[in-house]
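With the first letter of the sequence shown counted as 1, position 165 gets the number 178 in my numbering; the numbers rise by one all the way through.
Glycine included, every Cβ here is placed at the ideal spot set by N, Cα and C.
Following: one structure in structure tokens, then a few remarks.
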Amino acid sequence: MKVTNNERFVFGILEIAMVVRDTLEYFVPTRDPNGYDVKKYNARKEIIKLMTSEKSPFVNFCKQNGLGNVKDPKTGKEVPARGQRLLNIVNDFSNLVYGDDPRFVRIVDGKITIDSSYFVPVLENVIGLRETLNDVIAVIIKNVKVQAPAEIDPTFEDLITTEQRYARAIELRINAMQLNTTFLRFNNAVKKYIQTLRSSTSIDPLSDPNFKPTDDPEVAFDNNEMGRLFGFMNFLINHSKETDDEFKNAAERMRTMSKGFAGQPKITNLESFMSEFAGIFIPIIKETGAKLQPLFSDSFNSIRAYEQELRAKNGQPAPEAGQVAAAPVSETDKVAAALSSPSETNVADEVKKEDSTKADK
Numbered sequence: 014m015k016v017t018n019n020e021r022f023v024f025g026i027l028e029i030a031m032v033v034r035d036t037l038e039y040f041v042p043t044r045d046p047n048g049y050d051v052k053k054y055n056a057r058k059e060i061i062k063l064m065t066s067e068k069s070p071f072v073n074f075c076k077q078n079g080l081g082n083v084k085d086p087k088t089g090k091e092v093p094a095r096g097q098r099l100l101n102i103v104n105d106f107s108n109l110v111y112g113d114d115p116r117f118v119r120i121v122d123g124k125i126t127i128d129s130s131y132f133v134p135v136l137e138n139v140i141g142l143r144e145t146l147n148d149v150i151a152v153i154i155k156n157v158k159v160q161a162p163a164e165i166d167p168t169f170e171d172l173i174t175t176e177q178r179y180a181r182a183i184e185l186r187i188n189a190m191q192l193n194t195t196f197l198r199f200n201n202a203v204k205k206y207i208q209t210l211r212s213s214t215s216i217d218p219l220s221d222p223n224f225k226p227t228d229d230p231e232v233a234f235d236n237n238e239m240g241r242l243f244g245f246m247n248f249l250i251n252h253s254k255e256t257d258d259e260f261k262n263a264a265e266r267m268r269t270m271s272k273g274f275a276g277q278p279k280i281t282n283l284e285s286f287m288s289e290f291a292g293i294f295i296p297i298i299k300e301t302g303a304k305l306q307p308l309f310s311d312s313f314n315s316i317r318a319y320e321q322e323l324r325a326k327n328g329q330p331a332p333e334a335g336q337v338a339a340a341p342v343s344e345t346d347k348v349a350a351a352l353s354s355p356s357e358t359n360v361a362d363e364v365k366k367e368d369s370t371k372a373d374k
């Protein structure tokens with residue numbers, strides 16, 4: 014693929030978006046007995062660091078949109094400028110997952126550990142940041158195509174649209190898996206609360222018209238988490254630029270099935286329902302991941318070759334090993350496989366626990 018400076022600029026922002034996307038790997042239990050790949054984590058950390066450095070395309074875009082604070086014309090208060098807001102959002106995400114003292118992912122004794130209490134806030138960060146970066150890329154490409162259409166190769170545009178479709182499918186699958194897990198936790202919390210009331214009062218909560226499960230803090234927390242996850246799902250589907258029938262039908266199916274969590278209709282086979290619900294986007298992940306791999310490899314290699322040519326023209330030495338970021342998704346097929354497995358053993362185990370406690374209700 015012939016590379017232009019504008020494509021190189023966009024690719025620098027895309028690399029950040031891809032690291033944000035691949036963070037979702039840590040939501041899925043790894044089947045590797047050695048745990049998550051520490052080298053891959055450190056590579057993603059280095060990519061974020063390089064692609065948010067002073068002279069990176071992303072920081073240049075932020076500068077173009079204003080850094081520091083500006084006065085809000087409505088309130089008169091000092092607020093971050095548009096570019097500063099975007100930079101802050103990326104830095105907050107980086108600190109949460111890939112910083113010097115991250116809260117979500119940590120390396121302890123040479124192994125990666127995940128704090129699952131951060132699943133919902135990290136997912137919110139991933140979805141919001143991804144859509145923001147998608148919009149940034151769309152604005153840049155639109156402006157370039159108006160001023161210099163030949164600067165954007167159709168193959169490069171195909172890479173962008175394919176990657177975004179792949180990312181949205183993964184995000185919706187992870188969101189479905191989190192809804193499953195949170196619903197099970199919510200149900201168990203309700204049962205626990207009912208049992209507590211039965212043992213401490215003479216009234217059966219289920220026959221009390223004033224009984225509100227959300228009076229219990231644990232139930233209320235899980236109920237709130239469910240509400241947030243429904244919000245993420247709706248935001249992502251509404252904000253999605255996917256127009257093909259396959260994706261739109263999958264999104265509509267997800268919306269329709271999600272009503273089952275509210276009893277519309279009542280779920281009769283929980284394990285079957287959850288397996289189907291979490292698997293809605295598996296075909297799209299597999300299909301789009303397979304298409305993405307060669308597109309990304311071609312662009313990555315072409316852009317790196319272009320950068321070496323620029324260095325040679327400017328009389329600069331080629332970067333040494335370790336100075337050039339590794340491809341963020343050199344193993345797209347493996348990432349797709351990890352996120353498109355229909356086996357939800359952790360959910361199935363929880364469903365069995367759920368079934369075993371039904372008699373106690």
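Beta-bridge pairing of residue i - partner residues as DSSP gives them
i	result
residue 92	83
residue 118	127
Beta carbon of residue i nearer than 9 Å to that of residue j
i	j	result
residue 224	residue 210	yes
residue 206	residue 16	no
residue 74	residue 149	yes
residue 111	residue 34	no
residue 154	residue 125	no
residue 103	residue 142	yes
residue 171	residue 308	yes
residue 66	residue 169	no
residue 128	residue 116	yes
residue 164	residue 19	yes
residue 286	residue 273	yes
residue 235	residue 202	yes
residue 136	residue 37	yes
residue 325	residue 254	no
Beta-carbon contacts of residue i that lie in its chain and below 6 Å, excluding the five residues immediately before and after
i	result
residue 233	227
residue 192	242
residue 336	In this prediction, residue 336 scores a pLDDT of 37, lower than 50, which makes its location untrustworthy; no coordinate-derived value is stated.
residue 246	188
residue 238	133 and 195
residue 332	Confidence at residue 332 is low in this model, with a pLDDT of 44, below 50, so the placement of that residue should be treated as unreliable; the coordinate-derived value is given next. Taken in chain order, the list of residues that qualify is empty.
residue 160	none
Close Cβ partners of residue i (< 7 Å) along its chain, the five nearest in sequence each way excluded
i	result
residue 77	96
residue 353	Low confidence applies to residue 353: its pLDDT is 42, below 50, so where it sits in the model is not reliable, and the reading given next is rough at best. Excluding residues within five positions, the ones whose Cβ falls inside 7 Å are 295, 298 and 299.
residue 305	175, 176, 179 and 345
residue 43	49
residue 138	106 and 109
residue 334	Any reading at residue 334 must be qualified, since the residue scores a pLDDT of 33, below 50, and its modelled position is unreliable; no value is offered.
Residue i - DSSP class collapsed to helix/strand/coil
i	result
residue 306	helix
residue 97	helix
residue 344	Low local confidence applies: a pLDDT of 40 at residue 344 is under 50, so the model's placement there is unreliable, and no value is given.
residue 152	helix
residue 227	helix
residue 319	helix
residue 277	coil
residue 15	coil
residue 253	coil
residue 69	coil
residue 368	For residue 368, the predicted structure reports a pLDDT of 43, less than 50, and the residue's modelled location is therefore unreliable. A value from the coordinates is still provided. In the structure shown, residue 368 sits in a helix (DSSP, three-state: H, G or I).
residue 140	helix
residue 282	coil
residue 78	coil
residue 161	coil
residue 311	helix
residue 240	helix
Sequence-distant residues of the same chain with beta carbon closer than 8 Å to residue i, five excluded per side
i	result
residue 84	90, 91 and 92
residue 51	120, 123, 124 and 125
residue 249	140, 144, 181, 184, 185 and 188
residue 29	60, 61, 64, 65, 71, 103 and 146
residue 46	none
residue 69	25 and 63
residue 88	none
Residue-level contact to chain B via CB, residue i, 9 Å cutoff
i	result
residue 72	Annotation note: the requested chain B is absent from the structure, which comprises a single protein chain.
Enumerated in chain order, which unbroken segments of the alpha helix (DSSP H) with a length of 4 residues or greater are wholly contained in the segment 167-225? 167-213
Length at least 3, wholly inside the segment 30-65: the beta strand (DSSP E) runs in chain order: none
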